[in-house]
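Heads up: the sequence shown begins at 228 in our numbering, then just goes up one per residue. The beta-carbon is built from N, C-alpha and C at its ideal position, and this holds for glycine as well. Quick caveat: nothing in here was measured; it's all calculated off a predicted structure. Have a look at the structure below, then the notes.
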Amino acid sequence: MGIDAASQPATGSAADFVPPHPTLSRLREAAAGCRGCHLWVDATQTVFGEGPRTADLMLVGEQPGDQEDRQGHPFVGPSGRLLDEGLEAAGIDRRRVYVTNAVKHFKFVRIELTRRRLHKKPNAAEVRACHPWLEEEIRLIKPRVIVTLGATAAQALLGPKFKVTERRGLAVPSEWAETVIATVHPSSVLRAPGDAREEARRAFFADLKRVGKLLRNGGKGE
Ligand code: URA
Ligand code: SF4
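Below, the structure is given as structure tokens:
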């Protein structure tokens, strides 16, 4: 009230914007007007999850990037292209996957004198504020398998102490789905220095291949 939203701490919550008894499309509509934290102020638009309501697999990223913010769809930039390649190599049809993010608005800093916007990691309060959207997506879709991409998504669903480096590619018991598997974020593969990139890519694709196998085996065991 009379205070610039951007200067306020992220103490609000998306919960105030979740409609009662939502469908996926009503959820998406409501999320477009979310003011649950301050991140909406500088971003172009809410980037909500996308994919069929009947998806067996849900992928959870961190937050939309520059391209996603402009286009309004998750994983359509460079990370999305690598993800698409990995899914294809794993025999997973992206059209049958629900793809979303832990945080639904792009957080960034502007680089002076350029038009570039540099991704900034969302903090714990922002992830918490946005969590109700993710919870509702999971509740409505009930995916058999959830794959978290990177530390932010893993910790959003598996707790702040979860370490992707120690448990990547392994099924983690959780309340969210029959199987939850954490892997790295595709941007970490893209950022890996020359020699390490090929190995990072191979390991990321190997995790996705295990997911593909799991889905083909009916989601149970290895
Ligand atoms: N990185 C993410 O975590 N999510 C996107 O949607 C795009 C890039
Ligand atoms: Fe709402 Fe999430 Fe956007 Fe914050 S980041 S305004 S909680 S949709």
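Opening and closing residue of the beta strand (DSSP E) in which residue 344 lies:
344-346
- Query: When we look at the beta-carbon of residue 334 and count the other beta-carbons within 10 Å, is it buried (16 or more) or exposed?
  - Reply: buried
Do you know how far the Cα of residue 445 is from the Cα of residue 336? 43 Å
#### Entry: Three-state class that DSSP yields for residue 365 in the structure shown
Looking at residue 365 - three-state DSSP - the assignment turns out to be helix.
> With a cut-off of 8 Å, do at least 3 Cβ pairs link the segment 397-411 to the segment 373-385?
Replying inline: yes
Q: Measure the C-alpha to C-alpha separation of residue 354 and residue 330 and round it to an integer number of angstroms.
A: 6 Å
Determine, using beta carbons only, whether residue 279 and residue 288 come nearer to each other than 8 Å. no
ask   = Where residue 263 and residue 435 are concerned, what is the direct C-alpha to C-alpha distance, given to the nearest angstrom?
value = 33 Å
Residues in its own chain within less than 7 Å of residue 251 by CB, not counting five upstream and five downstream? 280, 367
Discussion item. Am I right that residue 429 and residue 396 are in contact with their C-beta atoms under 8 Å? What's the rounded C-beta distance?
Written reply: Not quite, the Cβ-Cβ distance comes to about 12 Å (not below 8 Å), so this is no contact.
- Item | Where residue 234 sits in the DSSP three-state scheme | Since pLDDT at residue 234 reaches only 47, below the 50 mark, its modelled position is unreliable, and no value is offered.
- Distance between residue 339 and residue 377 (C-alpha atoms, nearest Å): 28 Å
**Asked** Once you ignore the five residues that flank residue 311 on each side, which residues in its own chain have a CB closer than 7 Å to its CB?
**Response** 321
Next item on the list: Specify, as a first and last residue, the run of the alpha helix (DSSP H) that residue 391 falls within.
Entry: 391-394
query = In its own chain, which residues sit with a C-beta less than 8 Å from the C-beta of residue 394, not counting the 5 before and 5 after it?
reply = 409
**Prompt:** Applying the criterion that 16 or more other CB atoms from any shown protein chain within 10 Å of the CB defines a buried residue, is residue 304 buried or exposed?
**Reply:** Burial call: buried.
Within the continuous beta strand (DSSP E) that includes residue 428, where are the two ends? Element bounds for residue 428: not the beta strand (DSSP E) but the alpha helix (DSSP H), 421-443.
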